Amino acid sequence: MLRTHTCGELRKSNQSQEATLCGWVDSYRDHGGTIFIDLRDRYGKTQVVFGPESGVELLDQGRTLRSEDVIRVTGIVTDRPEGTINPKLGTGEIELRSTALEILNKCENAPFVPTQQDLPGEDLRLRHRYLDLRRSVMQDTLVQRSRIIKGMRDYFEDNDFVDIETPILGRSTPEGARDYLVPSRVHTGSFFALPQSPQLYKQILMMSGYDRYVQVARCFRDEDLRADRQPEFTQLDMEMSFVEMDDIINMIDGLVAKLAKDLLGLDIPLPLPRMTYDEAMERFGHDAPDLRYGMELIDCTDLAAQAEFRVFRGVADSGGRVRGFNAKGAADKYSRKDIDQLTEYVVQDFKAKGLAWFKVDADGKLASPIAKNFSEELLGQFADRLDAEPGDFLVLSADQWDVTCGVLNGLRRRLAAELKLYDPKAMNFSWVVEFPMFDYDDEEKRWVAMHHPFTAPRPRDIEVLESDPSKARALAYDLVINGSEAGGGTIRIHDNAIQSKVFGLLGMDETTAQERFGFLLDALRLGAPPHGGIALGIDRFVMLFAGLENIRDCIAFPKTQRAADLMTGAPSTVDGKQLRELGLRVGQAAEK
RNA sequence: GGGGCCGUAGCUCAAUUGGUUAGAGUACUGGACUGUCGAUCCAGUGGUUGCGGGUUCGAGUCCCGUCGGCCUCGCCA
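If you're matching positions, the first sequence starts at 3 in this note's numbering and goes up one per residue.
Right, dumping it as structure tokens:
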């Protein structure tokens, strides 16, 4: 090693020892006859001193040092003089009196320095990621990430899971997300797909007798990005045989409790609370409700049906819903202009036609531009239903059920953030279970799997599978942390007949099913144990555990919203030769 | 594919209703200084206001297009 100690290591007990440190120049303070350098590595900072006793030559050399130079410095560990101890540094009681300096690499004209107080724009940070990753916050996050993954691996190892790798080059399936494709040179005109998840492989592993499988798996989905979504992400993927839903959930409960204890020092009572999908949508309008605050949704459709107000009655009469919630004491926090903005938000983002609202005045009466359309008695009933007290702010959405879900979930999250209704450090874990098996796709005019086509229905729903697919509920479960989906899994179908039936419901004829999933259908007739599993989004776990607001900050080399790597310039065009070898020609749209 | 915000010195930002020579902090360069730790003090360098077009006597500012970053709806089994 070029160093004897790290920059976070030296203490008073090292007094008078000779030590050699390597690191980056964090800052320098030149007083003429004395120069101070804070030398930094990922372990900490140590003050290095070049003084008169260092000699003219060394002092002049020290004077050339600038931020982010990489140096190797040897000196004597010395107690700091009275009154110059720096309590902010772990090494603040000592300093290194330099005797030799080697500049390993100068840093010239850095576009930004990791120590500057105002963070540069994110494009610059991504373009020069090596500078950004030197920031202590980024280093702490990546260390936290490493610990989370180790915690997960230890936990599953302790529970007799086997870590098995599955292929990155696999078969494309049109179901689900868009695939990233890799052309095959050997099979000209054919393509591999990068895995959206190791789903089928892990099921096959269950049929192969590895009854507890785990993998830290990289997954790829070619869909548009979000603050919490990257095209390339990492899952903690696991699968178990001879289990029921409770077994998987209990296993993950134990993991969550362990991670919360080890990393955050939190004691999480188990079992984690559960609610069904139907309950979540009814109470919160979303399948990953944020339970850190209240403002639960309340149905008022029956009251709306009695109103003269056409918007309400029309919606009630046509099978829609009128629902809302009460933002306690928020009436004076929202001006007419603010409410106009809320209205614009729900109209633009959730296809609402408008937003109904009331402020509760000092007498407990509901005040609003639309109040004149209601009898006083009916207003009183709305007030009772919504538990209205003076100063409350009530919002209501009148529309088709799915629109009211979107609108009210959006408003609930927005108001909770604006009104600071929760402690940003609070952690809330819960399960949402029994998702619908299917969603109806209006464009394709067919049923599509809500989770994936291998999901088992609740046993009692097998008979309604064909008669009324919308009623069938799945043995599916999502882990929700602070209103964010942190993982999801299902019990799988382990019966060939049911699997074929589900493929059929999804509009897949037998030939297609055989072609795409023949190997699975075969395996389901050759000794398939009941099995199920789950995948946890590791990036989101880290993000939520670290209290970060976007997923890029917990990934070393993330993509931008347009799915590009600004540092390397990926994706890029390739040589004509490479294309010819693959038998590919780029079309006009791509050339433009 | 739709909606929104942003782009001014290396970096972070300012610039009145469209009006004189586009400013500040920081970084950088030179100088002073033996105890600082956001060192301090003095002086200086630094600009195609992302790019292209338009409106105007006059555009950083208004309009259109385009590139890039972010947020979001759709999308994400």
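Every residue, glycine too, gets a C-beta built ideally from N, C-alpha and C. These numbers come from a predicted model, not from an experiment.
Would you please state the rounded distance, in angstroms, between the beta carbons of residue i and residue j? I believe it to be under 8 Å.
i: Ala333; j: Ala400; result: With a Cβ gap of about 21 Å, Ala333 and Ala400 do not count as contacting.
i: Gly534; j: Ile250; result: 5 Å
i: Arg180; j: Arg223; result: 7 Å
i: Leu568; j: Arg129; result: 5 Å
i: Ile483; j: Ala458; result: With a Cβ gap of about 25 Å, Ile483 and Ala458 do not count as contacting.
i: Leu398; j: Ala358; result: 4 Å
i: Ala428; j: Phe376; result: The Cβ separation is near 38 Å, so there is no contact.
i: Val79; j: Ile105; result: Val79 to Ile105, Cβ: 22 Å. No contact.
i: Cys109; j: Glu70; result: 4 Å
i: Leu421; j: Ala329; result: 7 Å
i: Leu508; j: Trp433; result: Contact flag wrong, Cβ pair sits at about 26 Å.
i: Gly321; j: Thr406; result: With a Cβ gap of about 12 Å, Gly321 and Thr406 do not count as contacting.
Residue i lies in the alpha helix (DSSP H); which residues open and close that run?
i: Met209; result: Gln201 to Met209
i: Cys407; result: Trp403 to Glu420
i: Thr143; result: Ser138 to Asp160
i: Lys447; result: Note, Lys447: premise wrong, no alpha helix (DSSP H); not H, not E.
i: Leu1; result: Residue numbering for the chain in the displayed model covers 3 to 594; residue 1 lies beyond these limits and cannot be assessed.
i: Phe547; result: Ile540 to Phe547
i: Tyr132; result: Arg131 to Asp134
Tell me the rounded alpha-carbon separation between residue i and residue j.
i: Thr562; j: Glu234; result: 11 Å
i: Ser574; j: Pro116; result: 28 Å
i: Ser18; j: Leu60; result: 20 Å
i: Tyr45; j: Leu550; result: 22 Å
i: Ser210; j: Phe431; result: 33 Å
i: His7; j: Leu23; result: 6 Å
i: Asp292; j: Arg415; result: 8 Å
i: Arg31; j: Phe38; result: 5 Å
i: Tyr424; j: Leu417; result: 11 Å
i: Arg173; j: Lys204; result: 15 Å
i: Asp497; j: Ser192; result: 31 Å
i: Asn161; j: Leu238; result: 15 Å
i: Asp134; j: Cys221; result: 25 Å
i: Arg127; j: Ala558; result: 11 Å
i: Gln402; j: Met277; result: 23 Å
i: Gly316; j: Ala419; result: 32 Å
i: Lys367; j: Asp342; result: 22 Å
i: Pro185; j: Val588; result: 13 Å
Terminal residues of the continuous beta strand (DSSP E) containing residue i?
i: Ser29; result: Glu20 to Asp32
i: Phe235; result: Glu234 to Ser243
i: Ala488; result: Ser486 to Ile493
i: Glu97; result: Ile96 to Asn107
i: Ala282; result: Counting along the chain, Ala282 falls outside any beta strand (DSSP E), though it belongs to the alpha helix (DSSP H) covering Tyr279 to Phe286.
i: Asn328; result: Arg323 to Ala329
i: Thr514; result: No beta strand (DSSP E) holds Thr514; the alpha helix (DSSP H) holding it covers Glu512 to Ala525.
i: Leu481; result: Ala478 to Ile483
i: Tyr442; result: Phe440 to Asp443
i: Thr48; result: Gly46 to Phe52
i: Phe38; result: Ile37 to Asp43
i: Tyr215; result: Arg214 to Phe222
i: Phe505; result: From DSSP, Phe505 is part of no beta strand (DSSP E) but of the alpha helix (DSSP H) over Asn498 to Leu507.
With 16 as the cutoff for other CB atoms within 10 Å, does residue i come out buried or exposed?
i: Asp248; result: exposed
i: Gln198; result: buried
i: Ala354; result: buried
i: Pro560; result: buried
i: Gly578; result: exposed
i: Met240; result: buried
i: Thr48; result: buried
i: Ala290; result: buried
i: Lys361; result: buried
i: Val576; result: exposed
i: Lys594; result: Legend: pLDDT at Lys594 = 37, less than 50; position of this residue unreliable, value from coordinates given subsequently. Counting Cβ neighbours within 10 Å, Lys594 comes out exposed, since fewer than 16 surround it.
i: Ala592; result: Per-residue confidence for Ala592 stands at a pLDDT of 49, beneath the threshold of 50, marking its modelled position as unreliable; no derived number is given.
i: Thr514; result: exposed
i: Thr190; result: exposed
i: Val348; result: buried
i: His33; result: exposed
i: Ser56; result: buried
i: Gln63; result: buried
i: Arg582; result: exposed
Three-pair Cβ contact test at 8 Å for the segment 155-162 versus the segment 480-500 = no
inquiry  = Check whether the segment 62-75 and the segment 101-108 touch, using three or more Cβ-Cβ pairs below 8 Å as the test.
reply    = yes
ask   = Would you call the segment 464-476 and the segment 434-442 in contact, with 3 or more CB pairs under 8 Å?
value = yes
query = How about the segment 535-555 and the segment 249-263: do they share at least three Cβ pairs that are nearer than 8 Å?
reply = yes
task = Assess, as a yes-or-no matter, whether the segment 255-264 is touched by the segment 382-394 under the definition of 3 or more beta carbon pairs within less than 8 Å.
result = no
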